[in-house]
Amino acid sequence: MSETKPGSELPQSNASERPMSPGAAILALGIVFGDLGTSPLYTLPAVLETMGGKISPENGLGILSLIVWALILIVSIKYCIFVMRADNNGEGGILALMSLVAGRGFERAPVLVVMGLFGAALIYGDGIITPAISVLSALEGVGVASDALKPYVVPASVAILVILFAVQNRGTARLGSVLGPVMLVWFITIGVLGVTGISQHPAVLLAIDPRHAVLFLVHSGWRGFALLGGVFLALTGAEALYADIGHFGRNPIRASWYAVVLPALLLNYAGQTAHLMTNPGGSGAPFFQLCPGWALYPMVALATIATIIASQAIITGAFSLTRQAIQLGWFPGMKICQTSDTEYGQIYVPFVNWLMMGMTVGLTIGFGSSARLAGAYGTAVSTTMLLTTALLYKLMRTRWEWPIWAAALTSGIFLLIDLFFFSSNLLKIAEGGWVPLIIGTIIFVVMITWHGGAAAMARKQETIATTPGTFRRRLSAKGIARPPGTIVFLTRMTNKVPPQMLRHLEQFHAMPQTVIALTVRFGTTPRVRADKRLEIEEVFPGFWEMTVNYGFVEVPDLPRALKSAKAHGCPADFAKAVYVAAPDRIVRDRGNRHLSRWQLPIFSFLFRNAVHAVDRFNLPPENFVEIAREIEI
Numbered sequence: 065m066s067e068t069k070p071g072s073e074l075p076q077s078n079a080s081e082r083p084m085s086p087g088a089a090i091l092a093l094g095i096v097f098g099d100l101g102t103s104p105l106y107t108l109p110a111v112l113e114t115m116g117g118k119i120s121p122e123n124g125l126g127i128l129s130l131i132v133w134a135l136i137l138i139v140s141i142k143y144c145i146f147v148m149r150a151d152n153n154g155e156g157g158i159l160a161l162m163s164l165v166a167g168r169g170f171e172r173a174p175v176l177v178v179m180g181l182f183g184a185a186l187i188y189g190d191g192i193i194t195p196a197i198s199v200l201s202a203l204e205g206v207g208v209a210s211d212a213l214k215p216y217v218v219p220a221s222v223a224i225l226v227i228l229f230a231v232q233n234r235g236t237a238r239l240g241s242v243l244g245p246v247m248l249v250w251f252i253t254i255g256v257l258g259v260t261g262i263s264q265h266p267a268v269l270l271a272i273d274p275r276h277a278v279l280f281l282v283h284s285g286w287r288g289f290a291l292l293g294g295v296f297l298a299l300t301g302a303e304a305l306y307a308d309i310g311h312f313g314r315n316p317i318r319a320s321w322y323a324v325v326l327p328a329l330l331l332n333y334a335g336q337t338a339h340l341m342t343n344p345g346g347s348g349a350p351f352f353q354l355c356p357g358w359a360l361y362p363m364v365a366l367a368t369i370a371t372i373i374a375s376q377a378i379i380t381g382a383f384s385l386t387r388q389a390i391q392l393g394w395f396p397g398m399k400i401c402q403t404s405d406t407e408y409g410q411i412y413v414p415f416v417n418w419l420m421m422g423m424t425v426g427l428t429i430g431f432g433s434s435a436r437l438a439g440a441y442g443t444a445v446s447t448t449m450l451l452t453t454a455l456l457y458k459l460m461r462t463r464w465e466w467p468i469w470a471a472a473l474t475s476g477i478f479l480l481i482d483l484f485f486f487s488s489n490l491l492k493i494a495e496g497g498w499v500p501l502i503i504g505t506i507i508f509v510v511m512i513t514w515h516g517g518a519a520a521m522a523r524k525q526e527t528i529a530t531t532p533g534t535f536r537r538r539l540s541a542k543g544i545a546r547p548p549g550t551i552v553f554l555t556r557m558t559n560k561v562p563p564q565m566l567r568h569l570e571q572f573h574a575m576p577q578t579v580i581a582l583t584v585r586f587g588t589t590p591r592v593r594a595d596k597r598l599e600i601e602e603v604f605p606g607f608w609e610m611t612v613n614y615g616f617v618e619v620p621d622l623p624r625a626l627k628s629a630k631a632h633g634c635p636a637d638f639a640k641a642v643y644v645a646a647p648d649r650i651v652r653d654r655g656n657r658h659l660s661r662w663q664l665p666i667f668s669f670l671f672r673n674a675v676h677a678v679d680r681f682n683l684p685p686e687n688f689v690e691i692a693r694e695i696e697i
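By the numbering used here, the letter at position 279 of the sequence shown is numbered 343, and the numbering carries on one by one without gaps.
Structure representation (structure tokens):
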């Protein structure tokens, strides 16, 4: 059916080098920066929790300086300058980075593969918290105006989240031109609010001096270290800059960050801090306290829209990550729906969507407030950032060919900062930080179990397959009918005749005149050129071997790919062909050393529930046949 061996790694245009345009930069605001852009809603409230509910004039500059320099060092320098260079033929994200430095096999670089997989798995943990904390923090603004509205915050948040997930199957293509301008309004607004706050206490601008951050950490001791977990919330969403370069290119994303997002965030954080320093007894939601009374409800509405956009971005990112993992061989096949005829990134994965909705709604109800959810937020993202830095060092040495001192110095600085944030976030485990870590661990186990089981099946099939010469002799035997027509056997192996082909011959004593062994191969590059899509060879008269190549971000469509077969000399009529697949039943082989006893039932369950080939490859169901068999692994 499909395999994930290298082989379709073909030269492609680099999407990350697209020229910058104002239109692309504005669109990037709506897709890339939703999470980072809405972090001012909940970052300082989380810091307030650590500080006992108050920020004094004495420590305000130190806290703001930590936020400012975290944004500069991690987002502006680490991600925008270094990490975004590490694109895999125009695609980003930790799985693409893993493919660059380690491929996909444990045999080649097991430690690097584990880093990439675990980092990717943790992104799902982050993905279920982001919509919950974002929407809750926006709606909590109504509590600034009236305590009577506070009991309705959680029910309203749940309603918004359910609607958001329920409309995912319609796609976001129509909203694409709207999201960017809305987020532009959001960033302008929060920047203006920040200026009003700064006017109350202009001395807050001195926080640009990093010495305030260093002195605060030195003098505050353990509390300052614990506070880093709250400061880190200002960085959540930084991974999106890297993951989305395939959609927009690195230049529009960088332009949006430096020209719009970073100034707006710095102004707003400074304004909130100035307000808290001017009003030492202030607490609650400093973001909304910056608003004049007449603007409070409109601001809550705008914040809610912005958080919905942020949630949409993380949901879409989870869909894209799932597709990459499936194509790279780390997830079982799932139903993937293309929601746009023109944008490959517009997809919908029903299983992931409804699972995320259930978990997100559960977290919203279970935690009940953005302040409590902040305790669960950050552990997964900080771990992923740490693993990204480790993989980046390997890339600097192997792909960029940096000398060891330069790679160690650059990545070492980032690693030290990441370790501080990672360690501080570990203090949140008892407060809820265990939630994304457990989810990430479960997904990681699923990934390695699926990959190990699929590899064991491939080895088993190699031992029971036969050669084309043997198959040709059996076709020539007496009593074998050869009626007109075409039959296509989906197989995971090349250069051998799959067992289901022999079984078909033995059961029916007939075989159509045109027989095709078809393999779908997913490479480690994002996309495959059209002229390299199909590999075809006539092994002997009437028997063809075909390989259809796809990149790891492409949705396979076999009927479309096979249209070019006639140009290669194959006479098959694929519109009338019969497609045959083998839904194997997995049983344990006592001599198996490749899959642990506890992994076998997990793999068997995943295999039984994986999407059928007819759906995954867009095959005509009326021409599709399955031949079941039992495989010992």
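A virtual CB, placed ideally from N, CA and C, is assigned to each residue, including glycine.
Whether residue i touches residue j by CB criterion (9 angstroms)
| i | j | result |
| --- | --- | --- |
| G189 | T443 | yes |
| F671 | V678 | no |
| G101 | V325 | yes |
| M521 | R556 | yes |
| A92 | D308 | yes |
| S129 | A271 | yes |
| R597 | S628 | yes |
| G116 | L455 | no |
| T513 | L392 | no |
| I528 | L569 | no |
Residue environment, residue i, which counts as buried when at least 16 other CB atoms sit within 10 Å
| i | result |
| --- | --- |
| Q376 | buried |
| L683 | buried |
| Q336 | buried |
| F604 | exposed |
| L297 | buried |
| E303 | buried |
| V295 | buried |
| W133 | buried |
| T68 | Annotation note: pLDDT 48 at T68 (below 50); position unreliable, coordinate value reported separately. Classification of T68: buried, given that the 10 Å Cβ count is 16 or more. |
| R275 | exposed |
| N559 | exposed |
| E155 | buried |
| D704 | Limits of the chain in this structure are 65 at one end and 697 at the other, which puts residue 704 out of reach. |
| P685 | exposed |
Element boundaries [alpha helix (DSSP H), containing residue i]
| i | result |
| --- | --- |
| F616 | No alpha helix (DSSP H) contains F616, which DSSP labels as neither H nor E. |
| L161 | I158 to A166 |
| F146 | Segment: none, F146 is in no alpha helix (DSSP H) and carries neither H nor E. |
| R567 | P563 to F572 |
| E690 | Here E690 belongs to no alpha helix (DSSP H); instead the beta strand (DSSP E) covers F688 to E690. |
| V278 | R275 to S284 |
| A196 | P174 to L203 |
| I477 | I468 to L490 |
| T342 | L326 to T342 |
| I131 | P121 to A134 |
Residue i Cβ short of 8 angstroms to the ligand GTP heavy atom set
| i | result |
| --- | --- |
| G207 | Although the ligand GTP was asked about, the structure shown includes no ligands whatsoever. |
Contacts around residue i, its chain only, beta-carbon distance under 7 angstroms, and the 5 residues preceding and following it disregarded
| i | result |
| --- | --- |
| A382 | Y188, G191, V416 and M420 |
| I481 | L137 and I138 |
| D637 | T550 |
Residues near residue i in its chain [Cβ-Cβ closer than 6 angstroms; skip 5 each side]
| i | result |
| --- | --- |
| A185 | G504, I507 and F508 |
| M162 | G180 |
| G496 | G439 and A440 |
| E602 | W608 |
Same chain only: Cβ atoms within 8 angstroms of residue i, ignoring 5 sequence neighbours per side
| i | result |
| --- | --- |
| C401 | N233, I411, Y412, V413 and P414 |
| T462 | V165 |
| T140 | Rather than Thr, the amino acid found at residue 140 in this sequence is Ser. Contacts found: W321, Y322 and L326. |
| W566 | Before going on, a small fix: residue 566 reads as Leu here, not Trp. If we look at L566 and ignore the five residues flanking it on each side, its Cβ neighbours are T530, F535 and R538. |
| N152 | A160, L161, S163, L164, T588, T589 and P590 |
Reference residue i; option with closest CA among the options
| i | options | result |
| --- | --- | --- |
| S320 | M247, R567 and Y361 | M247 |
| V499 | T194, N153, G156 and K142 | T194 |
| T342 | G549, I119 and L305 | I119 |
| I373 | V249, G261 and F669 | V249 |
| K142 | K524, G124 and T474 | T474 |
| Y306 | L360, M449 and V222 | M449 |
| P396 | I666, S284 and G124 | I666 |
| C634 | L569, G261, I600 and G126 | I600 |
Terminal residues of the beta strand (DSSP E) in which residue i lies
| i | result |
| --- | --- |
| F586 | T578 to F586 |
| E602 | L598 to F604 |
| C88 | Looking at the sequence itself, residue 88 is Ala, so the reference to Cys does not match. No beta strand (DSSP E) contains A88, which is instead part of the alpha helix (DSSP H) from P86 to I95. |
Contact with chain B by residue i, beta-carbon distance below 9 angstroms
| i | result |
| --- | --- |
| G393 | The chain labelled as chain B is not found in the depicted structure, where only one protein chain is given. |
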